[in-house]
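Each residue of the sequence shown is one higher than the one before, starting from 1 at the first, in full-length UniProt numbering.
Even glycine gets a Cβ: it sits at the ideal position worked out from N, Cα and C.
Below is one structure, written out as structure tokens; the observations come after it.
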Amino acid sequence: MPDIGFLELLLVGVIAFLVLGPERMPELFSQVGRVVRKGRDWVSDVKRQIDEETAPLSTPVTEIKDALSEGDISDINKEIMKKHGQVIDPAVALGSAAGKAKDGDPQNRDEASK
Numbered sequence: 001m002p003d004i005g006f007l008e009l010l011l012v013g014v015i016a017f018l019v020l021g022p023e024r025m026p027e028l029f030s031q032v033g034r035v036v037r038k039g040r041d042w043v044s045d046v047k048r049q050i051d052e053e054t055a056p057l058s059t060p061v062t063e064i065k066d067a068l069s070e071g072d073i074s075d076i077n078k079e080i081m082k083k084h085g086q087v088i089d090p091a092v093a094l095g096s097a098a099g100k101a102k103d104g105d106p107q108n109r110d111e112a113s114k
């Protein structure tokens with residue numbers, strides 16, 4: 001948006017006064033006011049339409065935020081880690097037994113088969 005200061009507006013007003021004359025200035029200000037009002041109304045209408053279109057999208061986001069704040073996710077994470085440990089522990093045991101059997105020592109093979 002252009003950054004227009006007070007001096008710039010004053011300069012435009014003086015030039016308009018000199019060009020248009022004092023008789024037509026009230027009419028000009030009235031027209032400018034109508035244009036500004038229509039512009040504000042248009043922007044307000046566009047904002048309202050955008051809010052109406054995005055309102056259904058904000059509901060799932062709010063539900064997800066609420067679920068995260070309630071701690072449901074941390075409970076799920078604990079459950080996953082518990083199951084993960086139940087799967088990994090036997091796999092580690094099998095891996096160490098296989099390593100012992102691979103060494104070729106008959107005593108290690110007997111222990112690995114247990």
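Simplified DSSP state of residue i, which is helix, strand or coil
| i | result |
| --- | --- |
| D41 | helix |
| D75 | helix |
| E23 | coil |
| D3 | coil |
| A112 | Because the pLDDT of A112 is 48, which lies under 50, any placement of that residue in the model is unreliable, and the number read from its coordinates should be weighed accordingly. DSSP places A112 in helix when its eight states are reduced to three. |
Per-residue burial, residue i [other beta carbons within 10 Å of its own, 16 or more giving buried]
| i | result |
| --- | --- |
| P56 | exposed |
Cβ distance (whole Å) where residue i is taken to contact residue j below 8 Å
| i | j | result |
| --- | --- | --- |
| L20 | L11 | Rounded, the Cβ-Cβ distance is 15 Å, inconsistent with contact. |
Cβ neighbours of residue i in the same chain (closer than 7 Å, five flanking residues each side left out)
| i | result |
| --- | --- |
| F17 | M25 |
| P22 | none |
| E63 | none |
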